[in-house]
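*Asks:* Residue numbers (the working numbering), protein chains in the order written: chain A, 22 to 377; chain B, 8 to 358. Glycine included, C-beta positions come from ideal geometry on N, C-alpha and C.
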Amino acid sequence: MNRLIFGIIILIGACSGPQREKSTVSTIEEVQYAKGFHFESEGDQRYLVVDEPWPKATKSKKYLLNGVPKRIVCTSTSHLPFFEMLDAEESVIGFPNLNYISSAVFIERANAGLLTDLGPDGSMNMELLLGINPDAVVAFDMGGESKTLAKIEEAGIPVYYNSDFLEQSPLGRAEWIKFFGALLNKEKKADSIFSEIAKEYNRLKELAGAVKNKPTILSGVVYGDTWFLPGGNNWAATFFKNAGGAYLWDADTTSGWLELSFEAVYEKGNDAEFWIGTSTLNTMVEMEGQDERYATFRAFKNGEVYNYNKKIGPNGGYDFFESGYSRPDLVLSDLIKTLHPELLPEYETVYFQNIK
Amino acid sequence: MIESQLDESKKKWKKVFLLLILVLLTSFILSISLGSVQIPFSFIVNHFIGSSDNEVWSNIIQNFRIPKTLTSILAGSALAISGLQMQTLFRNPLAGPFILGISSGAGLGVALVIFLGFWLGGFIEMTGIGRNWLLVGAAGLGSFIVLSVVLIASFRIRSGVSLLIIGLMFGSAVSALVSILQYFSQAENIQAYVIWTFGSLGSLSWGELNVMMPVIMVSLIFSFLLSKSLNALLLGENYAESLGLNLKRARMLIIINTSLLAGTVTAFCGPIAFIGLAVPHIARMLFNTGNHLLLTPLVILLGSILLIVFDIFAQLPGMQETLPINAVTSLFGAPFVIWLILRKSNLNYSF
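1) Over what stretch of residues does the alpha helix (DSSP H) that includes Phe-50 (chain B) continue unbroken?
2) Relative to chain B, which residues along the stretch 264-291 of chain A have a C-beta separation below 7 angstroms, given in chain order?
3) With DSSP as the reference, identify every bridge partner of Arg-67 (chain A), one or two as the case may be.
4) Would Val-70 (chain A) count as contacting chain B if we go by Cβ distances under 8 angstroms?
5) Please report the straight-line C-alpha distance between Asn-154 (chain A) and Leu-175 (chain B), rounded to a whole angstrom.
6) If you run the structure through DSSP and keep just helix, strand and coil, what is Ser-192 (chain B)?
7) Is the CB of Asp-162 (chain A) under 8 angstroms away from at least one CB in chain B?
8) Below 8 angstroms on C-beta distance, what does Val-243 (chain A) contact in chain B?
9) Cα-Cα, which of B:Leu-29, B:Ile-39, B:Ser-43 is closest to Gln-322 (chain B)?
10) Exposed or buried, what is Lys-262 (chain A) when buried is set at 16 or more other beta-carbons lying within 10 Å of its beta-carbon?
11) Tell me the DSSP secondary structure of Lys-22 (chain B) in three-state form.
12) When the Cα of Asp-312 (chain A) is compared with those of B:Trp-140, B:Ile-36, B:Gln-45, B:Val-23, which residue comes out closest?
13) Once you ignore the five residues that flank Lys-43 (chain A) on each side, which residues in its own chain have a CB closer than 7 angstroms to its CB?
14) List the whole-angstrom C-beta distance separating Gly-277 (chain A) from Asn-255 (chain A), where the pair is believed to meet the contact cut-off of C-beta under 8 angstroms.
15) Can Leu-240 (chain B) and Ala-257 (chain B) be called in contact, C-beta distance under 8 angstroms?
16) Classify Glu-215 (chain B): buried if its beta carbon has 16 or more other beta carbons within 10 angstroms, exposed otherwise.
17) Scan the stretch 14-43 of chain B for residues whose Cβ lies nearer than 9 angstroms to a Cβ of chain A and list them as they occur along the chain.
18) Which residues share a DSSP beta bridge with Asn-291 (chain A)?
19) Out of A:Leu-119, A:Glu-61, A:Glu-363, state which residue places its alpha-carbon closest to the alpha-carbon of Gly-337 (chain A).
20) Confirm, please, whether the CB-CB distance from Pro-278 (chain B) to Ser-110 (chain B) is below 8 angstroms.
21) Name the DSSP beta bridge partners of Ser-282 (chain A), please?
22) Please list the terminal residues of the continuous beta strand (DSSP E) segment that includes Phe-328 (chain A).
23) Using the three-state DSSP reduction, which class does Thr-237 (chain A) fall into: helix, strand or coil?
24) Just the chain B side, please: which residues come within less than 9 angstroms of Asp-350 (chain A) by C-beta, in chain order?
25) Could you check if Thr-137 (chain A) is buried or exposed, using at least 16 other CB atoms within 10 Å of its CB as the buried criterion?
26) Any Cβ of chain B within less than 8 angstroms of the Cβ of Tyr-84 (chain A)?
27) Please report the distance separating the alpha-carbon of Val-30 (chain B) from that of Ile-312 (chain B).
28) Quick check on Glu-63 (chain A): buried or exposed, where buried means 16 or more other Cβ atoms within 10 Å of its Cβ?
29) What in chain A is Cβ-close to Ser-207 (chain B), meaning under 7 angstroms?
30) For the ligand FAD, is there any heavy atom lying closer than 7 angstroms to the beta carbon of Asp-340 (chain A)?
31) Between which two residues does the alpha helix (DSSP H) carrying Gly-283 (chain B) extend?
32) Should Phe-48 (chain B) be labelled buried (16 or more other beta-carbon atoms within 10 Å of its own) or exposed?
33) Measure the C-alpha to C-alpha separation of Asn-217 (chain B) and Arg-72 (chain B) and round it to an integer number of angstroms.
34) What residue range does the alpha helix (DSSP H) around Tyr-121 (chain A) cover?
35) Between which two residues does the beta strand (DSSP E) holding Ala-157 (chain A) run?
36) By alpha-carbon positions, which one of B:Ile-348, B:Asn-238, B:Gly-209 ends up nearest to Ile-39 (chain B)?
Here it is as structure tokens:
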């Protein structure tokens, strides 16, 4: 996709509120890693363009950046950390099903009544949404949400499609902080946060890349007859590689998930040194309880099984799936600490832990 | 003359059963030899002789393929018998093992465990029960509750059709509860539940098989004993009663037996479609008999063979991916039944 980035950002003066950061005329960093959005300028106007607003979309979505929405509804927990990082928690006024949230800040706001639950029944309730009068909805559409979103647009509320879940690289996904930066007119802050994260990520990647010994990694668990595990181009597989590990399904080219038979995984993975990511199974007893054949794996016998369950929200949500996407540096550090503890002797993991 | 005809018919049936047993053995061997992982046949022979040099492959045969094939045999025969008896009991060709709401009941049990799992989490860990057993227990309990209600109804109602409709209504109401639970649940849980509804033959460990096997075996043996009552029922309820059949007792025993079979299979493998409905028809069409003394073993053999063969298809031998068993049973089974019916131009048996 052709990325037209003009070096100059023009301040749209009319709407600057008191809390607004003063954006000066300056060159702006190009969108480096993310493939799903970019910025365009036409004369005085600056646009945020989402290239593929939903999977396999044929047209991009173009948003004129003028005015800062103050009353935002967002629909994915993975968007919330970006608001936190940009100090814009107060902009979020509604969320569908507050029970999904793990962030302490947002739970506190919800308890104080500053955050309206728009979907106590699990889907977005239109009447509740219109009732709180938002001036923007940041939404994701994986295919099933389009009807609701079309209706919201019909009601005159702009819907910003966020398709960060389509990004394949960890840094690409985290770079979507710039999407929120543009929306909230905090681009400089977003840029500087992201470049810090990218710098740290790349430093860690180099650190782990220099290691000669790459331990083999197995991932996922079986549901019914099918073992679900990340494809070779998946976000998780990229992390494994960058953390100095050898993911056993590295040669695979899918960016989604693999659905394999238990015996196929067993043949390839029974000798893997590490087993990272066991879904909702949080103890080895639980694992053996679900399927006693897990116990025949080498990683299981050696106790080298890790899951992303170190931080669990008060409602049972895995914080990894909420804030992990925005902090690839922390995720990578966790994995390096797991695979090569000697590289980060002082570091304490955030999301991953050895399950007992 | 009658004697010579009887002899001939005996010979014919001996041949049929011998052939079916041979087919069953062949499919058993095929099922153990084929899978995502390619294991040479010589290795499999060596494994059974007891001299194997590859621990991984031995493990795959011992802990994956043999339990899976045994599960297919048990589930296939249990569901097929259950379907046969339901069809005769209600004298309805569309009846199947799940017609009285057994699978809906099991589904509700499983849905409750999956969707309320997080709140029950601590409790589950305390009891030390594995998740697999919890699902099995929940599904079994769900079917048992539905079964009890249907049984109570069966005491009060004389007509089979009324009972059938009560069963159907009960099933729909229970499915509605599951929909409500799904509606309020998180995506991962919905996925877990949907995967359960796909059915699974390969997830049973030996520990689970050791429980499932005796229950199914006892029920299957009991099914042979029910054959005479079923034959009488084929003549119509009034006629059966005039033959001296205790209708209520027979009905109760048949319902308990079929529910035990279908409920156990559903508890361990999820709701496996098609086999229970179609295998009795296939047996009647292929072998032109309505006699349950013959149909019972025929349906047991055919059900086992078909489920093993469908499972081989589902494994997509040579590929690492698999298909859900439920998709395969209907996808390959339905054309087969249609072909049989077209070949025979109509169903020449009646209830």
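*Replies:* Checking against the coordinates, here is how it stands:
1) 48-56
2) Glu-280, Leu-281, Ser-282, Phe-283, Glu-284, Ala-285, Tyr-287, Glu-288, Asn-291
3) A:Ser-62
4) no
5) 46 angstroms
6) coil
7) no
8) Ser-210
9) B:Ser-43
10) buried
11) helix
12) B:Trp-140
13) Since pLDDT at Lys-43 (chain A) reaches only 39, below the 50 mark, its modelled position is unreliable, and no value is offered.
14) 7 angstroms
15) yes
16) buried
17) Gly-42, Ser-43
18) BP columns for Asn-291 (chain A) are empty, so no partner.
19) A:Leu-119
20) yes
21) A:Thr-247
22) It is Asn, not Phe, that sits at residue 328 (chain A) in the sequence shown. Here the beta strand (DSSP E) through Asn-328 (chain A) covers 326-328.
23) strand
24) Going along chain B, no residue has its Cβ under 9 angstroms from Asp-350 (chain A), so there is no contact; the nearest lies around 26 angstroms.
25) buried
26) no
27) 7 angstroms
28) exposed
29) Gly-245, Asp-246
30) As for the ligand FAD, it is missing from this structure, which has no ligand bound.
31) 282-294
32) exposed
33) 16 angstroms
34) Here Tyr-121 (chain A) belongs to no alpha helix (DSSP H), and DSSP marks it neither H nor E.
35) 157-160
36) B:Gly-209
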